[in-house]
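Undergrad:
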Amino acid sequence: MSERVLSTSYEPREVEEKWAAAWAAGGYFHAKVTPGKPAYCITIPPPNVTGELHLGHALQHAIHDAIIRYHRMLGKETLCVPGTDHAGIATQMKVEQQLATEGLTKHDLGREKFLERMWDWKEHYGGTILGQLRRFGASYDWDRERFTLDAGYTKAVRHSFAHLYNKGLIYRGTRIINWCPGCETAISDLEVEHEERASHLWHLRYPLAEGEGSLVVATTRPETMLGDTAVAVNPNDPRYTELVGKFIRLPLMGRLIPIVADDFVDPAFGTGAVKVTPAHDPNDAEIGRRHNLDAPIVIGKNGAMTELAGDFAGLDRDEARVAVLRALDVLGLLVKIDDHTHSVGSCARCSSIIEPLLSEQWFVNMQPLAAHVLKAIREGLVEYQPERFARTSEEWLENIRDWCISRQLWWGHRIPVYTCVSCNHEFSNAEEPTACPKCGAGELTQDENVLDTWFSSALWPFAVLGWPEKTPELEYFYPTDLMITGRDILNLWVGRMIFSSMEYLPEKPVQGIPFRRVYVHPTVQNYEGKRMSKSLGTGVDPLELMDKYGTDATRYGLCGMATATQDVRLQEAHEPGWSKDDPATGRTFPTFVQGRNFANKIWNASRFALMNLKPETVAEARPASLADRWILSRYQFAAAAVTEALENYRLDQATGALYDFFWNELCDWYLEMAKPALRADDAAADAARSTLAYVLEHTLRLLHPFMPFITEEIWQQLPHAAGAQESLMITAWPVDAPELRNVAAETQVAFLMEAIIAVRKLRADQGVTPGQKVDISIHAANADAHKILEENAAVLLTMARGEQLLFTPAADNAGEHIFWQETPVTLAISREITPEEKAKELEKIARDLAKLTSDIEKTTARLNTPSFVERAPAEVVTKNRADIAEWEHRREALLARQGALG
RNA sequence: GGGCGGAUAGCUCAGUUGGUAGAGCGUCUGGUUUACACCCAGAUGGUCGGGGGUUCGAGUCCCUCUUCGCCCACCA
Numbered sequence: 000m001s002e003r004v005l006s007t008s009y010e011p012r013e014v015e016e017k018w019a020a021a022w023a024a025g026g027y028f029h030a031k032v033t034p035g036k037p038a039y040c041i042t043i044p045p046p047n048v049t050g051e052l053h054l055g056h057a058l059q060h061a062i063h064d065a066i067i068r069y070h071r072m073l074g075k076e077t078l079c080v081p082g083t084d085h086a087g088i089a090t091q092m093k094v095e096q097q098l099a100t101e102g103l104t105k106h107d108l109g110r111e112k113f114l115e116r117m118w119d120w121k122e123h124y125g126g127t128i129l130g131q132l133r134r135f136g137a138s139y140d141w142d143r144e145r146f147t148l149d150a151g152y153t154k155a156v157r158h159s160f161a162h163l164y165n166k167g168l169i170y171r172g173t174r175i176i177n178w179c180p181g182c183e184t185a186i187s188d189l190e191v192e193h194e195e196r197a198s199h200l201w202h203l204r205y206p207l208a209e210g211e212g213s214l215v216v217a218t219t220r221p222e223t224m225l226g227d228t229a230v231a232v233n234p235n236d237p238r239y240t241e242l243v244g245k246f247i248r249l250p251l252m253g254r255l256i257p258i259v260a261d262d263f264v265d266p267a268f269g270t271g272a273v274k275v276t277p278a279h280d281p282n283d284a285e286i287g288r289r290h291n292l293d294a295p296i297v298i299g300k301n302g303a304m305t306e307l308a309g310d311f312a313g314l315d316r317d318e319a320r321v322a323v324l325r326a327l328d329v330l331g332l333l334v335k336i337d338d339h340t341h342s343v344g345s346c347a348r349c350s351s352i353i354e355p356l357l358s359e360q361w362f363v364n365m366q367p368l369a370a371h372v373l374k375a376i377r378e379g380l381v382e383y384q385p386e387r388f389a390r391t392s393e394e395w396l397e398n399i400r401d402w403c404i405s406r407q408l409w410w411g412h413r414i415p416v417y418t419c420v421s422c423n424h425e426f427s428n429a430e431e432p433t434a435c436p437k438c439g440a441g442e443l444t445q446d447e448n449v450l451d452t453w454f455s456s457a458l459w460p461f462a463v464l465g466w467p468e469k470t471p472e473l474e475y476f477y478p479t480d481l482m483i484t485g486r487d488i489l490n491l492w493v494g495r496m497i498f499s500s501m502e503y504l505p506e507k508p509v510q511g512i513p514f515r516r517v518y519v520h521p522t523v524q525n526y527e528g529k530r531m532s533k534s535l536g537t538g539v540d541p542l543e544l545m546d547k548y549g550t551d552a553t554r555y556g557l558c559g560m561a562t563a564t565q566d567v568r569l570q571e572a573h574e575p576g577w578s579k580d581d582p583a584t585g586r587t588f589p590t591f592v593q594g595r596n597f598a599n600k601i602w603n604a605s606r607f608a609l610m611n612l613k614p615e616t617v618a619e620a621r622p623a624s625l626a627d628r629w630i631l632s633r634y635q636f637a638a639a640a641v642t643e644a645l646e647n648y649r650l651d652q653a654t655g656a657l658y659d660f661f662w663n664e665l666c667d668w669y670l671e672m673a674k675p676a677l678r679a680d681d682a683a684a685d686a687a688r689s690t691l692a693y694v695l696e697h698t699l700r701l702l703h704p705f706m707p708f709i710t711e712e713i714w715q716q717l718p719h720a721a722g723a724q725e726s727l728m729i730t731a732w733p734v735d736a737p738e739l740r741n742v743a744a745e746t747q748v749a750f751l752m753e754a755i756i757a758v759r760k761l762r763a764d765q766g767v768t769p770g771q772k773v774d775i776s777i778h779a780a781n782a783d784a785h786k787i788l789e790e791n792a793a794v795l796l797t798m799a800r801g802e803q804l805l806f807t808p809a810a811d812n813a814g815e816h817i818f819w820q821e822t823p824v825t826l827a828i829s830r831e832i833t834p835e836e837k838a839k840e841l842e843k844i845a846r847d848l849a850k851l852t853s854d855i856e857k858t859t860a861r862l863n864t865p866s867f868v869e870r871a872p873a874e875v876v877t878k879n880r881a882d883i884a885e886w887e888h889r890r891e892a893l894l895a896r897q898g899a900l901g
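By numbering that gives the first Met the number 0, the letter at position 352 of the first sequence is numbered 351, and the numbering carries on one by one without gaps.
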């Protein structure tokens with residue numbers, strides 16, 4: 000036996016490194032197109048290439064890998080495709096920051112050189128997160144790793160863009176879009192984060208062009224007044240009917256702007272008069288269009304006021320607000336300032352406040368595309384788990400708006416739209432064009448913008464399988480089986496993948512849908528219920544957890560957090576002196592401590608088994624004793640529970656069932672019950688060895704998807720059946736073995752356990768030290784009960800630390816009562832007790848009596864209610880009667896004991 | 001402004017079709033039982049957020065209120 004086997008605690012590091020290398024060398028993660036064999040395929044949500052593993056990823060991948068390993072063990076050709084997303088804005092920002100440290104901007108380099116820098120960066124730092132996932136034990140097909148900007152992917156993007164463009168579903172338009180002055184690009188509606196913020200509602204007085212009259216408008220953005228081209232009022236508002244059609248002399252700017260009537264205006268809000276800035280507000284843009292208003296852009300792309308802002312040109316928009324208000328105040332035109340809370344949009348990437356800006360961009364006409372998805376979801380072609388998340392997608396699709404897909408960046412897929420220099424013909428093509436298809440001229444210009452990162456991510460499940468080529472992989476693995484994701488990208492990504500696939504691959508099974516199911520996992524929060532975020536300092540580094548507790552423990556703990564109902568807070572315990580300034584020191588995570596302890600338990604139970612097995616021991620279900628039959632039956636139950644939980648994506652239930660079975664049944668009871676037999680070293684001992692080997696070997700299979708490293712390490716040292724695989728990870732998932740279920744054995748052992756617990760309780764109550772052995776007196780009126788206890792005397796004596804069993808004709812009043820099929824069985828130990836112990840016991844008896852009496856009274860009352868007896872099911876009534884009978888027995892015994900003591 | 005989810009033991013969470021509540025951690029008591037002190041045995045601890053309703057019976061179904069969180073939303 001090696002020294003490691005003898006180590007009394009599990010040391011993860013070495014084991015993890017060993018098996019990570021062995022698995023990789025064995026090529027077990029690689030899936031091959033194998034016609035005729037059932038396939039199972041998942042593509043991971045590609046993390047940003049800038050990313051580092053955080054706890055949210057860790058949870059997601061603990062789930063991914065558990066599901067993937069489970070299906071591989073089910074004998075399917077199982078593929079999980081890993082990869083990264085080029086993440087346009089985030090990645091470009093990283094490199095721009097790097098340049099800034101050299102005192103350079105991207106413009107100093109120019110587009111081409113800048114992109115070289117980008118690729119350099121990607122080669123250098125882009126592999127971080129996938130490397131971390133490998134250490135995590137993720138059994139993904141690393142030979143098929145993809146990047147959303149690799150050559151094949153680029154082809155897919157061009158193909159899809161040209162398809163939509165030529166179908167007329169992509170168009171160019173000048174509209175109000177969300178402009179991020181920080182990133183200096185347009186972003187989509189979904190990338191804007193709305194937040195209620197306390198601000199003000201400023202009331203500004205606008206004088207009429209003629210006469211003394213004026214009108215007051217209310218606004219949350221006074222700086223935009225420089226771009227006002229009208230004031231709008233509700234046509235039915237009597238306060239303003241006479242003013243409609245008249246003109247205002249716009250303060251600070253001096254130009255004349257009309258007062259128009261528009262239904263959009265709510266007379267009840269503010270003053271009922273709205274300043275209209277068509278270039279900087281979507282509603283105003285609508286009003287402007289209805290009334291043919293000019294749309295001067297007064298805030299530029301860098302967030303500063305433009306030349307059209309007159310005296311305020313050059314000021315930042317925040318400075319401009321202050322300056323405009325001051326100027327208006329000087330003129331006596333600032334009427335009042337109310338406190339006002341309203342929603343402010345900020346950039347999901349850089350948190351800059353979004354500027355609605357009139358700008359020419361590319362859009363996807365979403366309605367026809369969304370209609371297909373909506374139908375597919377409603378028909379259940381894509382199932383959501385939990386089901387309620389289907390609604391999230393449906394609501395988004397029902398109210399879908401066009402998608403702004405152009406970005407003013409350099410890092411990304413450049414929009415494949417070309418214009419002929421000679422004839423001005425604009426076109427898009429799936430292949431890189433060399434000449435104008437209309438006039439044949441060779442000189443073409445390409446659109447300067449790149450595509451929204453999500454436009455390319457939307458192709459992920461089929462692009463990674465080789466689309467638009469008709470690859471064997473696409474044929475064999477598509478559609479994929481499952482998409483595991485957080486709910487934050489349900490619309491941003493999941494919805495878009497579905498419409499893309501349905502549009503581009505309609506010839507594929509089930510109308511082209513990319514996956515049959517979407518499993519939405521919970522979000523991990525920190526101990527305060529805050530979102531985990533590195534910038535907020537609330538993040539927990541999974542590497543810290545893996546170092547501290549081991550990877551298996553981390554994965555086990557995470558799977559336990561995969562509940563169905565709610566988000567989960569990660570527990571964190573702090574030692575005295577812990578501080579937020581240095582959160583990583585002096586803290587522990589109970590969730591993962593449990594995982595570590597469990598791994599240690601598995602390790603030690605296996606050590607015990609290995610010490611007791613013989614070289615010739617065969618792992619087979621060949622029970623000789625009651626305990627053998629019982630544990631095989633319980634194992635069978637656990638296997639079914641784990642399998643069912645996995646099928647339902649309830650990994651918390653799966654890990655919970657495994658913990659209960661392994662610790663509370665296998666270790667606490669079976670191993671202890673088997674010890675006397677093993678010591679005897681006879682035929683029964685051999686049967687126990689086989690049973691133990693069988694149960695342990697099979698339980699390791701069940702544990703493997705959650706704790707791959709430790710299970711492989713132990714499994715390799717156990718005896719296997721003939722023809723076994725060389726690795727646990729490709730060993731078959733246990734099949735249902737109904738013949739191992741044994742209700743009689745379960746009932747009998749449950750009774751035996753009650754007897755043991757009763758004696759232990761007596762010992763504890765009477766202060767018998769564990770070293771002291773006692774005689775156990777048993778009164779069992781029932782012959783079967785007597786037989787069970789007698790036949791299992793060795794187990795009873797060992798586990799209850801007894802000297803001998805004495806079967807007595809009468810019940811001892813000082814004893815504990817258990818029941819065998821409603822017949823009371825009394826167990827007692829004899830020992831002189833001290834006056835203090837006597838007082839304590841009397842107290843306890845009084846408490847128990849009170850509870851029993853109350854239960855009996857309540858239940859009797861219920862049984863005396865005619866409506867209950869008439870309407871409740873017969874078995875409920877019977878059970879109530881049986882309960883009372885049992886309680887009465889206990890009560891009598893307690894009263895007797897009370898009498899004997901008192 | 002709409003929609004969704006949560007509120008159960010000190011903490012983090014389970015609780016299947018309604019039949020008087022469970023786990024882990026924590027706390028308390030006792031332990032050198034030769035697999036494991038990352039352990040073993042025993043114990044303590046809950047008017048299931050408030051109120052109302054349906055029912056013989058509600059943590060579970062319905063209504064309502066309070067509160068926390070998330071998603072969606074172009075009212076200045």
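Ideal placement from N, C-alpha and C gives every residue a C-beta, glycine not left out.
Jot down the residue ranges of each uninterrupted alpha helix (DSSP H) in the segment 22-86, minimum 4 residues, whole runs only, in chain order.
TA: Correct list: 54-72.
Undergrad: Buried or exposed for Thr859, please, with buried defined as at least 16 other CB atoms from any protein chain shown within 10 angstroms of its CB.
TA: The residue is exposed, with fewer than 16 neighbouring Cβ atoms inside 10 Å.
Undergrad: CB-CB under 6 Å to Phe660, same chain, minus the five flanking residues each way: which ones, in chain order?
TA: Only Ala637 meet the Cβ criterion.
Undergrad: At what residues does the alpha helix (DSSP H) containing Met501 begin and finish?
TA: Segment Arg495 to Tyr503, the alpha helix (DSSP H) holding Met501.
Undergrad: With DSSP run on the structure shown, which of helix, strand or coil describes Trp410?
TA: Looking at Trp410 - three-state DSSP - the assignment turns out to be coil, as it is neither helix nor strand.
Undergrad: Taking the alpha-carbon positions, what's the Val774 to Leu631 distance?
TA: Reading off the sequence shown, one finds Asp at residue 774, where the question assumed Val. Whole-angstrom Cα-Cα distance: 31 Å.
Undergrad: For the structure I just gave you, are there three or more beta carbon pairs, one from the segment 738-751 and one from the segment 607-625, closer than 8 Å?
TA: Result yes; three or more Cβ-Cβ pairs closer than 8 Å.
Undergrad: Name the DSSP bridge partner or partners of Ser456?
TA: Note: Ser456 sits in no beta bridge, so no partner.
Undergrad: Please say whether Glu571 and Val539 have beta carbons closer to each other than 9 Å?
TA: Yes, these two residues count as a Cβ contact at 9 Å.
Undergrad: Considering only the alpha carbon of each residue, which of Asp811, Ser500 and Val297 lies closest to Pro478?
TA: Per the Cα distances, Ser500.
Undergrad: Cα separation between Glu696 and Leu717?
TA: Between Glu696 and Leu717, the C-alpha separation is close to 7 Å.
Undergrad: Pick out whichever of His63, Lys772, Thr746 and Gly770 has its Cα sitting closest to the Cα of Leu788.
TA: Leu788 has its Cα closest to that of Thr746, out of His63, Lys772, Thr746 and Gly770.
Undergrad: Beta strand (DSSP E) containing Val824: first to last residue?
TA: Residues Thr822 to Ile828.
Undergrad: Three or more C-beta pairs under 8 Å: does that hold for the segment 578-596 against the segment 679-690?
TA: Verdict: no, contact absent.
Undergrad: Between the Cα of Gly181 and those of Ala303, Tyr152 and Thr852, spot the shortest distance and give me the residue it belongs to.
TA: Minimum Cα distance to Gly181 is reached at Ala303.
Undergrad: Between which two residues does the beta strand (DSSP E) harbouring Phe246 extend?
TA: Here the beta strand (DSSP E) through Phe246 covers Phe246 to Arg248.
Undergrad: Does DSSP put Arg325 in a helix, a strand or coil?
TA: In this structure, Arg325 counts as helix in the three-state DSSP scheme.
Undergrad: Within the chosen definition, does the segment 356-376 reach the segment 165-173 through at least 3 CB pairs nearer than 8 Å?
TA: At 8 Å Cβ cutoff, the stretches touch.
Undergrad: Taking the alpha carbon of Ser342 as the reference point, which residue from Ala278, Val381, Ala780 and Leu200 has its own alpha carbon closest?
TA: Residue Leu200 is the option with its Cα nearest to Ser342.
Undergrad: Pick from Glu222, Val517 and Arg254: whose alpha carbon is nearest that of Ala322?
TA: For Ala322, the nearest C-alpha among the options comes from Glu222.
Undergrad: Whose C-beta lies closer than 6 Å to the C-beta of Tyr648 among residues of the same chain, with five residues either side of it excluded?
TA: Here the set comprises Gln384 and Tyr518.
Undergrad: Pro281 to Gly125, Cα distance in whole Å?
TA: Cα to Cα, the separation comes out at about 38 Å.
Undergrad: What are the boundary residues of the alpha helix (DSSP H) that Ile794 is part of?
TA: Strictly speaking, residue 794 in this sequence is Val, with Ile absent from that position. It spans Ala792 to Ala799 - the alpha helix (DSSP H) in which Val794 sits, taken as one unbroken run.
Undergrad: Helix, strand or coil: which one does DSSP assign to Phe263?
TA: In the structure shown, Phe263 sits in coil (DSSP, three-state: anything other than H, G, I, E or B).
Undergrad: Where does Asn233 land, buried or exposed, given buried means 16+ other C-beta within 10 angstroms?
TA: The residue is buried, with at least 16 neighbouring Cβ atoms inside 10 Å.
Undergrad: Can you tell me the Cα-Cα spacing of Tyr9 and Tyr526, whole angstroms?
TA: Cα to Cα, Tyr9 sits roughly 28 Å from Tyr526.
Undergrad: Considering only their Cβ atoms, is the gap separating Ile256 from His279 smaller than 9 Å?
TA: Not a contact, by the Cβ cut-off of 9 Å.
Undergrad: Output the boundary residues of the alpha helix (DSSP H) element that contains Gly585.
TA: Per DSSP, Gly585 belongs to no alpha helix (DSSP H) and is neither H nor E.
Undergrad: Does the Cβ of Val14 have 16 or more other Cβ atoms within 10 Å, making it buried, or fewer, making it exposed?
TA: Flag for Val14 reads buried.
Undergrad: From Glu874 to Ala24, what does the alpha carbon distance come to, in whole angstroms?
TA: Distance between the alpha carbons of Glu874 and Ala24 is about 59 Å.
Undergrad: Nearest by alpha-carbon distance to Ala65: which of Cys558, Val32 and Glu472 is it?
TA: Of the candidates Cys558, Val32 and Glu472, the one whose C-alpha sits nearest the C-alpha of Ala65 is Cys558.
Undergrad: Count the other C-beta atoms from every protein chain shown that fall within 10 angstroms of the C-beta of Phe461, then say buried if there are 16 or more, exposed otherwise.
TA: Classification of Phe461: buried, given that the 10 Å Cβ count is 16 or more.
Undergrad: Nearest by alpha-carbon distance to His785: which of Thr822, Glu815 and Gly770 is it?
TA: It is Thr822.
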